[in-house]
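Numbering (the working numbering), first residue to last: 5 to 253.
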Ligand SMILES: [Zn+2]
């Protein structure tokens with residue numbers, strides 16, 4: 005791209021490039037799986053620099069063991085999933101494109117260190133990765149971001165992109181994607197040998213936490229569908245698939 009191009013022409017070319025590749029509905033994937041994994045790794049490194057992450061303690065290995073079981077149930081497609089404990093008192097878990105999943109201490113405590121419930125939350129996050137919810141959003145956001153940066157004559161560094169990806173990872177994915185993640189989480193949880201109804205207990209816990217401190221919500225809590233809607237969607241899914249357990253006999 006010649007920098008001497010007139011701005012209007014540059015806008016036209018870049019806009020045509022972006023919409024031509026992405027499609028107006030943004031559903032055509034620009035980012036291949038290898039790139040998706042690479043973007044997620046860089047974003048994870050950026051997150052790690054700024055947070056107290058733990059991959060080696062007994063607690064971290066406990067989390068990884070649950071995650072590996074759920075990931076096996078959710079494959080294919082295969083992703084290099086990783087499960088990292090964040091030593092912060094925050095009620096959250098989130099996914100980055102291509103495999104990294106972070107789980108905060110605060111949420112593990114709120115769930116009473118219950119393996120079935122932790123497994124369901126991991127299943128929810130895995131769904132955002134394997135259904136490409138995470139990478140789709142990055143494609144849209146980075147595409148627009150790159151366009152803006154080029155127009156302003158700036159340059160994106162890998163680290164800036166990584167920061168954007170982390171920021172997006174902490175937001176919710178919208179109603180339909182969140183309900184899909186809740187429902188498929190039941191399937192992966194069951195496939196891994198955990199109680200597929202544990203999601204109902206998690207959603208109950210979210211309701212009580214939301215009542216206490218509305219500011220302490222991130223990806224799992226900020227979702228557009230209310231928790232009652234999410235519970236109903238989970239119950240529908242469990243009924244349709246003849247799944248039962250401790251929280252839905
Ligand atoms: Zn979600």
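Built from N, CA and C at the ideal position, the CB exists for glycine as well.
Owing to the predicted nature of the structure, the values given are computational and were not obtained by experimental measurement.
Helix, strand or coil for residue i, going by three-state DSSP, please let me know.
| i | result |
| --- | --- |
| residue 199 | coil |
| residue 249 | strand |
| residue 97 | strand |
| residue 118 | coil |
| residue 82 | coil |
| residue 3 | Because the chain is modelled from 5 through 253, residue 3 falls outside the range shown and cannot be assessed. |
| residue 142 | helix |
| residue 175 | coil |
Using only the alpha-carbon positions, how far apart do residue i and residue j sit?
| i | j | result |
| --- | --- | --- |
| residue 233 | residue 63 | 32 angstroms |
| residue 207 | residue 87 | 21 angstroms |
| residue 138 | residue 173 | 7 angstroms |
| residue 143 | residue 66 | 33 angstroms |
| residue 29 | residue 147 | At residue 29 the pLDDT is 47, less than 50, meaning the model places this residue with poor confidence; the figure from the coordinates comes in the next sentence. Distance between the alpha carbons of residue 29 and residue 147 is about 13 angstroms. |
| residue 32 | residue 126 | Reliability fails at residue 32, whose pLDDT of 47 lies under 50, so the model's placement of it is uncertain and the value that follows must be treated cautiously. Rounded to the nearest angstrom, the two C-alpha atoms are 27 angstroms apart. |
| residue 1 | residue 189 | Residue 1 falls outside the range modelled here, since the chain spans only 5 to 253, and no answer is possible. |
Going by DSSP, name the residue or residues bridged to residue i.
| i | result |
| --- | --- |
| residue 88 | 106 |
| residue 58 | 89 |
Of the residues the options, which one's Cα is nearest the Cα of residue i?
| i | options | result |
| --- | --- | --- |
| residue 51 | 60, 168, 80, 121 | 168 |
| residue 135 | 211, 82, 242 | 82 |
| residue 164 | 38, 34, 48 | 48 |
| residue 131 | 90, 231, 180, 212 | 180 |
| residue 213 | 77, 93, 178 | 93 |
Using beta-carbon positions only, say whether residue i and residue j come within less than 8 angstroms of one another.
| i | j | result |
| --- | --- | --- |
| residue 166 | residue 129 | no |
| residue 106 | residue 187 | no |
| residue 84 | residue 71 | no |
| residue 201 | residue 249 | yes |
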